[in-house]
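Protein chains in written order, with the numbering used here: chain U, 18 to 181; chain R, 13 to 212; chain P, 3 to 205.
No residue lacks a Cβ here, since even glycine has one placed at the ideal position from N, Cα and C.
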Amino acid sequence: MNPYLAGTLLGLVLLMAMYLSGRGLGASGGLKYCVVSIVGALDRPHADRSVYYSKYFENGQKPLKNWLPIEVMGILAGGFISGAVSGRLKFKIEKSPSISKTRRLVFAFLGGIFFVYGAQLARGCTSGAALSGMAVLSLAGFVTMVAIFGSAYVFAWFFRKNWI
Amino acid sequence: MGPITSIAGFPAWLDLVIALLIGIGFGFALEQAGFSSSRKLAGMFYGYDTTVIKVFFTAAIVALVGSQFMSYFGLLNMNKVFVNEYYVGAAVIGGVIMGAGFIMGGYCPGTGLSALAIGKIDALFFFFGGLAGAFLFAETYPMIQNLANGNFKGPVKINEVFGLSPGLFIFLLIAAAACMFWVAELAEKKFARPDISSEL
Amino acid sequence: MTARQIITSILLIFGGIMLFIPLSGKYSLREKPGQVLTTVLDESNSLNADQVARFLVTEDSTLLLIDLRTPEEFRECNIPGSVNVPYAEFLKQDPGLYLDDEGMRHVFYSNGDLKSGYAQTLAVGLGYKNCFVMKGGLNAWYVTIMNSEFAGNKISARENALFATRLRARTLFNEVNSLPSSLKLAYIASKRFDPKKLDGGCE
């Protein structure tokens, strides 16, 4: 789909989120809720003792029963539908031909660690802070966006072998 | 008057249904934009594919203009819409760490999930790394607490910082975005890599 | 024309429109003038000091007292539990930040009647519900609550309750306002209005 059209579609989805639920989109937060519920299921006493986890179990609430985790499930469903409609469903490891599969997977894993750690610190990822923040004229969103893109450009030189 | 879920008596379960529908729309839009491909996303930083900036700014501006118009016509109460709160150190440092993660993994969580949905294995590893990252943050939270919660400035708005009215700021933003789109098209021609673009 | 040119032209047109419409248009008075005056002049929308004292003493949490005086006057003394929104700030800021709560009753007060009356009129005009004034302001509070004396031998049960309330309000007022400055500042800071926490973000 033409990028500008896709952007308009995405903007309308964000607008709907603001109009219906009074909030922007989000993704990394959903991962956080996953981790919290897994830790709660495996080692509940640790969760109750920790300053960080305990606030998600207050009053016996279930961490997965929140706006973000449900929205994240929707992202999976929506991506699947779009892939199915456009014939893009295929198991593959996407990588540059000049590197090995293992290297790509290792970097993907590391990238995930860094990204979500940073997202938790900055209270948002590109969708939650940067995109939704810009849509409500939030300075935090703007600063986070500049930091992400700026530092990615700087680090791009170091990781160029992986992509080009 | 929106937001709809803030009307008294709105059932909480319906809010979750809305979340699911919004998520479906979000995943659909991301995948349609082609963001389920890490090489397309990384292309933004090497110049051969600037889709990211086009989609990102178009989406932000459409939502911004749309919400401001709705607020003007009394359809949406912007006081009840969440505005991201500014924690100075956390925003900058978190952003830098995210930039590193972006260029290493080639995904951000939203695009990573839509890529996972269409079967990309590297997105699966990104997802697992993401869970590990969230777990790492949760476990080391006491150490990083001061940075994460320090320098709280509240929900500051950009146009207030520059002393502009919302309308003027939006106009300048649109003008800046138009320039960026034009530069992006030029960059795509200059840094073109047909071998990669043909695969995407 | 390419998609880019079409979309940027559309957005630029909208941007141009946004430049000229007053986006802070929500600050224009919405209610009809006659309706505003009726509401403001309605006796039931103005509370006297005794009524406020009773709310204070029974710790009624549905009442939000808004002190329109300057921060210095507020620090000197204020009715315990009230929030300070200096009149100049009230005119500049978006009152929706603290008036949007339909479950609460908002009571404006100042030293006398003028500023609280203006604030109430403006708030009602902007469309906010449940806006009251404390008639006579702090001056009336001092006269009825702080300085009133019980005179006479026989009093009825109702008068007894009235004076008991006044006495308790007086004690509360003196207690809070005679705290040492550091504690007082801490108490005031805790009462400073924090806009209701909205749900959102990617956290």
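Using only the alpha-carbon positions, how far apart do residue i and residue j sit?
i	j	result
R/Val64	R/Ile156	31 Å
R/Leu26	R/Tyr60	43 Å
P/Ala159	P/Arg170	17 Å
U/Lys49	R/Leu143	7 Å
U/Ile92	U/Val30	12 Å
P/Gln7	P/Leu14	10 Å
P/Glu74	P/Asn80	10 Å
R/Phe147	P/Phe92	45 Å
U/Leu81	U/Gly57	11 Å
R/Leu76	R/Met192	18 Å
P/Met106	P/Asp96	17 Å
P/Leu200	U/Lys118	44 Å
R/Asp207	U/Ser113	10 Å
U/Gly100	R/Gly124	14 Å
P/Leu164	P/Ala188	31 Å
P/Glu45	P/Ile12	53 Å
U/Ala136	U/Ile181	26 Å
P/Cys204	P/Asn86	32 Å
R/Glu43	R/Gly179	32 Å
Check the DSSP bridge columns for residue i and list the partner residues they point to.
i	result
R/Phe164	R/Tyr99
P/Phe134	P/Val109
R/Lys132	U/Lys109
U/Ser155	R/Lys169
R/Gly6	Missing from the structure shown is residue 6 of chain R; chain R here goes from 13 to 212 and no further.
P/Asn86	P/Asp69
Does DSSP put residue i in a helix, a strand or coil?
i	result
P/Arg56	helix
R/Cys191	helix
P/Asp69	strand
P/Ser63	coil
U/Gly41	coil
P/Ser48	strand
R/Asn89	coil
U/Asn83	coil
R/Val67	helix
P/Asp201	coil
R/Asp27	helix
R/Phe94	coil
U/Met35	helix
R/Ser49	coil
R/Ala146	helix
R/Ala20	coil
R/Thr62	coil
U/Gly77	helix
R/Met82	helix
U/Trp174	coil
R/Thr152	coil
R/Tyr119	coil
Cβ of residue i within 7 Å of any heavy atom in the ligand SAM?
i	result
R/Tyr99	For the ligand SAM, the structure offers nothing, since it holds no ligand at all.
So with CB distances below 9 Å, who are the chain P contacts of residue i?
i	result
U/Cys51	Within 9 Å Cβ-Cβ: nothing; U/Cys51 doesn't reach chain P, min ~14 Å.
U/Ala64	Near U/Ala64 there are no residues of chain P at all, since even the closest Cβ is about 18 Å away, more than 9 Å.
U/Gly43	Gly202, Gly203, Cys204 and Glu205
R/Ile170	Under the 9 Å cutoff, chain P gives no residues; its nearest Cβ is about 14 Å from R/Ile170.
U/Leu22	Ala5 and Ile9
U/Gly46	Gly203, Cys204 and Glu205
What residues from chain R crowd round residue i, counting only those whose CB sits closer than 7 Å?
i	result
P/Arg6	Phe193 and Glu197
P/Ile23	Tyr84 and Gly179
U/Thr25	Thr70 and Val74
Output, in chain order, the set of chain P residues within a Cβ distance shorter than 8 Å of residue i.
i	result
R/Ala190	Thr10, Leu13 and Leu14
U/Asn179	Ordered by position in chain P, no residue passes the 8 Å Cβ test against U/Asn179, which lies about 26 Å from the chain.
So with CB distances below 8 Å, who are the chain R contacts of residue i?
i	result
U/Ser38	Pro15, Ile16, Thr17, Asp27, Ile30, Ala31 and Ile34
At a CB-CB cut-off below 9 Å, which residues of chain R make contact with residue i?
i	result
U/Ser99	Gly39, Phe40, Ala41, Leu42, Glu43, Gln44, Ser48, Ser126, Ala129 and Ile130
Quick one: which chain P residues come within Cβ less than 7 Å of residue i?
i	result
R/Ile182	Gly17 and Met20
R/Ile186	Leu13, Leu14 and Gly17
U/Gly91	Per Cβ cutoff of 7 Å: no residues; U/Gly91 is ~15 Å from chain P at best.
U/Asn76	Under the 7 Å cutoff, chain P gives no residues; its nearest Cβ is about 16 Å from U/Asn76.
Check the Cβ of residue i against every Cβ in chain U and list those closer than 7 Å, keeping chain order.
i	result
R/Pro154	Val68
R/Met145	What sits at residue 145 of chain R in the sequence shown is Gly, not Met. What R/Gly145 touches in chain U: Gly129, Ile130, Phe131, Phe132, Val133 and Tyr134.
Taking C-beta pairs closer than 8 Å, name the residues in chain C that residue i reaches, listed in chain order.
i	result
U/Glu88	Of the protein chains in the structure, U, R and P, none is chain C.
- [ ] Could you name the residues of the stretch 164-187 of chain P whose beta carbon sits closer than 7 Å to any beta carbon of chain U, in the order they occur along the chain?
- [x] none
- [ ] Output, in sequence order along the chain, the residues in the stretch 62-87 of chain R whose CB is closer than 8 Å to any CB in chain U.
- [x] Thr63, Lys66, Val67, Phe68, Phe69, Thr70, Ala71, Ala72, Ile73, Val74, Ala75, Leu76, Gly78, Ser79, Met82 and Leu87
Open item on the list: Which residues of the stretch 81-103 of chain P have a Cβ closer than 8 Å to any Cβ of chain R? Give them in chain order.
Closed with: Asp96, Gly98, Leu99 and Asp102
- [ ] Return the residues of the stretch 114-127 of chain R that lie within a Cβ-Cβ distance of less than 9 Å from chain U, sorted by chain order.
- [x] Phe114, Ile115, Met116, Gly117, Gly118, Tyr119, Cys120, Pro121, Gly122, Thr123, Gly124, Leu125, Ser126 and Ala127
- [ ] May I ask you to list, following chain order, the residues of the stretch 84-109 of chain R that have a beta carbon less than 7 Å from some beta carbon of chain P?
- [x] Tyr84, Asn91, Lys92, Phe94 and Asn96
- [ ] Below 8 Å between beta carbons is the criterion; list the residues of the stretch 140-174 of chain U that meet it against any residue of chain P, in chain order.
- [x] Arg140, Gly141, Cys142, Ser144, Gly145, Ala146 and Ser149
- [ ] Closer than 9 Å, Cβ to Cβ, to anything on chain R: give me those residues from the stretch 109-128 of chain U, in chain order.
- [x] Lys109, Ile110, Glu111, Lys112, Ser113, Pro114, Lys118, Arg121, Leu122, Val123, Phe124, Ala125, Phe126, Leu127 and Gly128
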